[in-house]
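Just so you know, we're using the working numbering here: the sequence shown kicks off at -8 and counts up by one. By construction, the Cβ of each residue, glycine as well, lies at the ideal position given by its N, Cα and C atoms.
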Amino acid sequence: MTRKYFAILLIILFSNCAENGNSKPNDILNEKMMINILTDIHLSESKINKKTLSADSISSLLTKQYAYILNKNNVKPNQLQNSIDYYLNHPIEMEAIYNNILVDLSKKEGLLRKQNIKK
């Protein structure tokens, strides 16, 4: 009889662990939002780092640009950091996000090249 209760207890315990491991906390940004924000961040970093400025000036510009991107997307800095931490602990999801970022950046690059050819 005690084995039966023990088995039931183990099944309940493992099913709760499995559910907790697969569920995403409420404050974590969804994949689409992460793609949009990280794409904007990478574009901003690339644009700013091309400038010939002091390290302090670059840092200041990046800080302002990050704040603008987060404000534009109505996201708080800690929410983005928690989301990055979450996705770093879920590498398959993070890989999918970055695959989409690469697709977005490639599309934008293609559009810019077309515009430059027309000029």
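Residue i vs residue j beta-carbon contact at 7 Å
i     : j     : result
Asp18 : Asn65 : no
Met25 : Ile88 : yes
Ile39 : Ile49 : yes
Tyr78 : Glu86 : no
Local Cβ density within 10 Å of residue i, reported as buried at 16 or more and exposed below that
i     : result
Ile92 : buried
Leu44 : exposed
Leu20 : buried
For residue i, the three-state DSSP class (helix, strand or coil)
i      : result
Val94  : helix
Ile19  : coil
Thr43  : coil
Ser14  : coil
His198 : Outside the shown range of the chain (-8 to 110) lies residue 198, about which nothing can therefore be said.
Asn69  : helix
Sequence-distant residues of the same chain with beta carbon closer than 7 Å to residue i, five excluded per side
i     : result
Gln56 : Ser35, Ile39
Alpha carbon of residue i to alpha carbon of residue j, nearest angstrom
i     : j      : result
Ile75 : Arg104 : 31 Å
Lys15 : Leu102 : 35 Å
Asn27 : Asn90  : 12 Å
Lys63 : Asp31  : 11 Å
Lys99 : Asp47  : 29 Å
Lys67 : Gln106 : 35 Å
Cut-off 6 Å between Cβ atoms - residues of its own chain near residue i, not counting five sequence neighbours on either side
i     : result
Thr54 : none
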